[in-house]
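Take a look at the structure set out below.
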Amino acid sequence: MEVQETEIQTDRVLTIPNLLSAARLLGVPLFLWLVLSPVFDGPDLDGWALLVLAASGVSDYLDGKLARRWNQVSALGRVLDPAADRLYILSTLVGLTWRDILPLWLTALLLARELMLLVTVWRLDRAGYAPPQVNFLGKAATFNLMYAFPLLLLSEGSGLLPSLAAIFGWAFAGWGTALYWWAGILYVVQVRRILTADATAD
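354 is the number of the first residue of the sequence shown in my numbering; add one for each residue after it.
The following block contains the structure:
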């Protein structure tokens, strides 16, 4: 028998999904240190950086899945989960751009989308509303980017494996960037409707 998933929100803080999101947040500076080690004449720790990214991707999937399965969707989780996603994307952009693996134009394009959402959330907060829940399209965009970044990191070097990693990495990066902006525009439209309805009600 299939277990039906629900999205009843709870005020609990110490839940397994929230702990997974918090652990993912703690992994952000670790990943950045690992990926930037060669820049500062340290050892090549790309393998460990890839493991941290892989672990973050698994925990990103699990925290949302378990939150719905165990009725542990929480207000804190709705903040922690997208915050962890964005910080991982930001730290990866910084690290891979510094390493000249990502071009500056792609980094600027993704950061511009983050700036747009930051302004949108600020306006929503000023109106007294919590951020809307992350939609499926936003999650799909994040998953594409989280596949793209480790593949592009793996593409450093020569041989068949780095060549294949570059091909698939850039494919995921293209899809992820397009979906990322699409999700961002839909988010802005959703927020605009909320603010417009609020202004009309007043």
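Ideal Cβ placement from N, Cα and C applies to all residues, glycine included.
As the structure is a prediction and not an experimental result, all values here were calculated from the model.
Beta-carbon gap between residue i and residue j smaller than 8 Å
i, j, result
"L490", "A550", "no"
"L378", "L449", "no"
"F384", "S444", "yes"
"I454", "L506", "yes"
"L468", "A526", "no"
"S533", "P485", "Reading off the sequence, residue 533 comes out as Tyr, not Ser. No; because the gap between Cβ atoms is not below 8 Å, this pair is not in contact."
"D413", "D438", "yes"
"L440", "V381", "yes"
"W408", "L387", "Rather than Trp, the amino acid found at residue 408 in this sequence is Ala. Result no, Cβ atoms of A408 and L387 do not sit closer than 8 Å."
Residue i versus residue j: straight-line alpha-carbon distance, rounded
i, j, result
"A483", "L498", "26 Å"
"S516", "L504", "10 Å"
"A524", "T553", "44 Å"
"D399", "A376", "20 Å"
"V447", "V472", "21 Å"
"W451", "I538", "28 Å"
"I520", "Q543", "35 Å"
"R476", "G529", "26 Å"
"T368", "N488", "22 Å"
"G510", "I547", "49 Å"
"K492", "R421", "15 Å"
"P391", "R545", "44 Å"
"G395", "L389", "8 Å"
"D397", "L514", "18 Å"
"N424", "R466", "32 Å"
"A461", "A494", "17 Å"
"R431", "A531", "24 Å"
Three-state secondary structure (DSSP) of residue i
i, result
"T553", "helix"
"L548", "helix"
"T368", "coil"
"D453", "coil"
Whole-angstrom C-beta distance between residue j and residue i, which should lie under 8 Å
i, j, result
"I442", "L457", "Not quite, the Cβ-Cβ distance comes to about 16 Å (not below 8 Å), so this is no contact."
"G522", "A501", "5 Å"
"L373", "L415", "6 Å"
"L419", "P370", "5 Å"
- Query: Of all the alpha helix (DSSP H) runs that stay within the bounds of the stretch 480–521, which reach a length of 4 or more residues?
  - Reply: Inside the stretch 480–521, DSSP marks whole alpha helix (DSSP H) runs of 4 or more residues at positions 489–507, from first to last along the chain.
- Query: What are the start and end residues of each continuous alpha helix (DSSP H) run of 4 or more residues lying completely inside the stretch 370–422, in chain order?
  - Reply: 399–422
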